[in-house]
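To start, the structure under review is shown below, and the notes come after it.
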Amino acid sequence: DTGVSQNPRHKITKRGQNVTFRCDPISEHNRLYWYRQTLGQGPEFLTYFQNEAQLEKSRLLSDRFSAERPKGSFSTLEIQRTEQGDSAMYLCASSFSGGRNTEAFFGQGTRLTVV
Amino acid sequence: DAKTTQPTSMDCAEGRAANLPCNHSTISGNEYVYWYRQIHSQGPQYIIHGLKNNETNEMASLIITEDRKSSTLILPHATLRDTAVYYCIVRVYAYSGAGSYQLTFGKGTKLSVIP
Numbered sequence: 001d002t003g004v005s006q007n008p009r010h011k012i013t014k015r016g017q018n019v020t021f022r023c024d025p026i027s028e029h030n031r032l033y034w035y036r037q038t039l040g041q042g043p044e045f046l047t048y049f050q051n052e053a054q055l056e057k058s059r060l061l062s063d064r065f066s067a068e069r070p071k072g073s074f075s076t077l078e079i080q081r082t083e084q085g086d087s088a089m090y091l092c093a094s095s096f097s098g099g100r101n102t103e104a105f106f107g108q109g110t111r112l113t114v115v
Numbered sequence: 001d002a003k004t005t006q007p008t009s010m011d012c013a014e015g016r017a018a019n020l021p022c023n024h025s026t027i028s029g030n031e032y033v034y035w036y037r038q039i040h041s042q043g044p045q046y047i048i049h050g051l052k053n054n055e056t057n058e059m060a061s062l063i064i065t066e067d068r069k070s071s072t073l074i075l076p077h078a079t080l081r082d083t084a085v086y087y088c089i090v091r092v093y094a095y096s097g098a099g100s101y102q103l104t105f106g107k108g109t110k111l112s113v114i115p
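Just so you know, the sequences run in chain order Z and A.
Residues 1 to 115 in the numbering used here are what the first sequence lists, from first letter to last.
Residues 1 to 115 in the numbering used here are what the second sequence lists, from first letter to last.
So this is what it looks like as structure tokens:
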């Protein structure tokens with residue numbers, strides 16, 4: 001296992017289209033997080049799963065955003081009717097809830113450009 | 001989670017120690033200090049965390065003042081590959097079964113290691 005994997009790495013879409021991103025966490029990690037990062041800013045929390053349950057959602061996660069983790073393994077983040085303001089880097093992270101080492105490991109992100 | 005204050009940018013000569021300060025004057029007793037860094041176009045990378053004792057690992061050392069209102073991340077022998085944005089975050093430690101692992105990132109310190 002080489003770490004958190006995100007696909008695609010880059011996505012260019014036209015305004016109004018739907019896009020879906022995938023995140024494959026580290027295999028033994030039961031916690032999964034989505035963050036969004038715009039240019040010059042630090043990452044902002046979007047949502048969090050423990051196993052398949054979505055336990056936290058930021059108010060940044062508008063109705064057009066939906067995230068799933070159906071089997072407690074990989075996760076998808078879908079954005080419907082994309083807007084130019086959705087252009088950002090979307091980062092996924094995973095962590096393990098048991099034991100001492102609960103730090104999060106991040107993937108390399110999916111960079112979304114809405115034109 | 002408590003707010004942190006970091007300098008916007010710092011320079012460090014290659015091979016010298018890089019000392020990155022962080023102020024967290026409103027930190028509460030159960031909040032830990034975490035450091036992450038983000039190299040250009042990559043996801044954030046965990047470096048180290050601590051509560052009140054100084055900590056050291058293979059990447060860095062963390063010095064926390066006795067009153068816990070500030071801390072310093074030390075990279076003992078900075079290399080060009082250490083050029084990155086460094087984020088200081090304070091949060092409640094996410095132990096097994098408790099809470100989430102939401103990280104609140106600020107803008108961080110852009111460290112430039114100069115040859």
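Note that beta-carbon positions come from the ideal geometry of N, C-alpha and C, so glycine has one too.
Beta-carbon contacts of residue i that lie in its chain and below 6 Å, excluding the five residues immediately before and after
i	result
D82 of chain A	L75 and V113
G16 of chain Z	R81
S96 of chain A	For S96 of chain A, the pLDDT reaches just 44, beneath the cut-off of 50, and the residue's location in the model is therefore unreliable, leaving the point undetermined.
P7 of chain A	T109
P44 of chain A	Y36 and Q38
Any chain A beta carbon closer than 7 Å to residue i
i	result
P8 of chain Z	no
E83 of chain Z	no
F49 of chain Z	no
Q108 of chain Z	yes
Chain Z contact for residue i (CB, 7 Å cutoff)
i	result
I32 of chain A	Looking at the sequence itself, residue 32 of chain A is Tyr, so the reference to Ile does not match. False, the Cβ-Cβ gap to chain Z never drops below 7 Å.
G43 of chain A	yes
Q102 of chain A	yes
Y87 of chain A	yes
G108 of chain A	yes
Per-residue DSSP class, three states only, for residue i
i	result
L161 of chain A	Any property of residue 161 of chain A remains undetermined from this structure, which presents chain A solely from 1 to 115.
D24 of chain Z	strand
Q17 of chain Z	coil
L61 of chain Z	coil
D86 of chain Z	helix
L51 of chain A	coil
Cβ shell of residue i (< 7 Å), same chain only, five flanking positions each side left out
i	result
A98 of chain A	Low confidence applies to A98 of chain A: its pLDDT is 49, below 50, so where it sits in the model is not reliable, and the reading given next is rough at best. Correct list: empty, nothing qualifies.
Supposed close pair residue i, residue j - CB separation, criterion 8 Å
i	j	result
A67 of chain Z	S75 of chain Z	6 Å
Residue i beta carbon near the ligand FMN (any heavy atom closer than 6 Å)
i	result
Y86 of chain A	This structure simply doesn't include the ligand FMN, nor any ligand for that matter.
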